[in-house]
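Working notes, beginning with the structure itself.
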Amino acid sequence: MKKLLSMFTIVILIGSLILTGCIQKDSSSSENKNETSKGADSGNAKQTASSGPITISSEIPDDQEILSKGPNGEKAVSAKTLQLTKEDVEKIKAGNYKAAIVMHYAGNDWSTAQINGLKSTFKRMGIKVIAVTDAQFKVEKQVSDIETVLAKSPDLIVSIPVDPVSTADAYKRAAKAGVKLVFMDNPPAGLKAGKDYVSVVSADNYGNGVAAADIMAKKLGGKGNIGVIYHAADFFVTKQRTEAFEKTIKEKYPHIKITERDGITDPNKTELVASGMLTRNPHLDGIFSVWDVPAEGVLSAARIAAREDLVITTIDLGTNVALEIALDGIVKGLGAQLPYDQGVTEAILAGYSLLDKKAPGYVAVPSLSVTEKNVLDAWQLVYREEAPETIRDAAS
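According to this note's numbering, the residues represented by the sequence shown are 2 to 397, in order.
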């Protein structure tokens, strides 16, 4: 009965996700819109209601080791060490600052949570968010978005580049105009921390890759043949995830062999890639996918191939993979980023720049291992709100 529920619910959710993804977002009209305010207002009340120091969630362990290094090999500083005091917040409020959020893509759970964390924290700091843009993974659109935003004279821009090379000149213009820049995950090529931008904030992507490998190994009983679907693009954090997964498998689990590797640039084409992988090797025991949206393509390919015994692990706690984990289905677990807290961290670092406080060049939020045993608690921590009813029902 659980598998029938899994198939039925997944079809509905994936259909809804495809329809949502087809809706074009007009970045120029994002000012003062409430496309993400519902989540920020409902699930993030603790952040907006607090009058004390601004920090990331107290539920994240203080002593958890960060395994990732920065894009230039620098040691990561844990986001748990950062804070804005009540006095800091009052000083920032007096400045009446303006901020813009320039996304590479805003149509998934990760981006929504980042935006919610930024908005709620900026609200506490008295910083007005004047624009939220969505480049739809298109370089030329993001360059145009940056130019449009700069015309609004922001004091701060928080952004994630679609491509670190092709967008670099646009970000350099923003830096030269005196705008404080904080980046998610990837800095543009040629820009330097402390000079051209404040800091880069990421998840512990290496740690999440390790978590995905450990879950894969446990579910396979320490032996088998697996495939890896990686991101075939110059994207620092996705490279870290794949490196961590593969290195952990090779060094810790000698009886698990990576026999298939394929890259993707378009996550919507992952089903074809995974289908080819399963056709070439119909007895493959598991597949790692570099994040949750491609993992949905792997899941679809597995169902078409009638491979209900396949073990899938990934990174990022998206709705569809969370549902499959809750059902104890084909997706067995993942390493989760904490995107809401990443947004909080980015806002804190923006505050550092306004106060002329020294900021570390690379900051990481700890990783989170998610299986069917903790999926509901993990959702609450990742998004600061209760899991959707479908996931709660599946886990019961």
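Beta carbons are placed, not taken as given, at the ideal position from N, Cα and C, and that holds for glycine. Predicted model, so just to flag it, every value in this text is computed and none were measured.
Anyone know if the C-beta pair for residue i and residue j falls short of 8 Å?
i	j	result
A152	D135	no
F184	V201	yes
A351	K87	no
G71	Y363	yes
T420	G344	Beyond the ends of the chain as shown, which are 2 and 397, falls residue 420; an answer cannot be given.
D346	A80	Note on residue identity: the sequence assigns Thr, not Asp, to residue 346. Yes, they are a contact pair.
G336	L300	no
I250	K224	no
P361	Q65	no
Y353	V199	yes
Q316	A213	According to the sequence shown, residue 316 is Ile rather than Gln. Contact flag set, yes.
Q338	A204	yes
G195	L355	no
Y254	V291	no
D197	K220	no
I227	G298	no
I216	G334	yes
L382	S58	yes
A296	V322	yes
N109	G330	no
If you drop the 5 nearest sequence neighbours on each side, which residues of the same chain put their C-beta closer than 6 Å to that of residue i?
i	result
A245	Y207, G210, V211
G127	K94
R262	V229
P389	none
D63	K81
Using the beta-carbon count (16 or more within 10 Å), is residue i buried or exposed?
i	result
I102	buried
A379	buried
G53	exposed
K120	buried
P189	buried
K3	Interpretation of K3 is limited by its pLDDT of 39, a score under 50 that renders its predicted location unreliable; the figure taken from the coordinates is listed afterwards. K3 is exposed by the Cβ-count criterion.
D156	buried
D293	buried
E141	exposed
I305	exposed
S154	exposed
P268	buried
A178	exposed
A171	buried
In its own chain, which residues sit with a C-beta less than 7 Å from the C-beta of residue i, not counting the 5 before and 5 after it?
i	result
A233	G264, I265, T266
V150	A101, V103, A132, T134, I158
S112	M104, Y106
A302	E272, A275, S276, L279
V238	D186, N187, S203, N206
Q137	Y106
S69	A77, S203, D205, N206, Y207, G208, Q241, A365
I161	M104, H105, F184, M185, D186, N187
K92	L356
So, with DSSP's three-state summary, where would you put residue i?
i	result
M471	An answer regarding residue 471 cannot be provided, because it is not within the stretch 2 to 397 covered by the chain.
F123	helix
F138	coil
R385	coil
T391	helix
E261	strand
N226	strand
A152	coil
T243	helix
V201	strand
K173	helix
F236	coil
L335	strand
T56	coil
Y98	coil
A194	strand
Y231	strand
A132	strand
L157	strand
A80	helix
T314	strand
A365	strand
L85	strand
V211	helix
I349	helix
V103	strand
On the premise that residue j lies in contact with residue i, defined as a C-beta separation below 8 Å, what is that separation, rounded to the nearest angstrom?
i	j	result
F289	T260	Not really, about 12 Å apart at Cβ, beyond 8 Å.
L402	I392	The question about residue 402 has no answer, for the chain in this structure spans 2 to 397.
I61	Q84	With a Cβ gap of about 13 Å, I61 and Q84 do not count as contacting.
A218	A327	About 21 Å; that fails the 8 Å criterion.
Within the same chain, show all residues whose beta-carbon is closer than 8 Å to that of residue i, passing over the 5 residues directly before and after it, in chain order.
i	result
K193	none
K129	N97, Y98, K99, A100, F123
T168	V140, Q143, V144, I147, P162, P189
R281	E261
CB of residue i to nearest heavy atom of the ligand ADP: below 7 Å?
i	result
K270	With respect to the ligand ADP, the structure offers nothing, as it holds no ligand at all.
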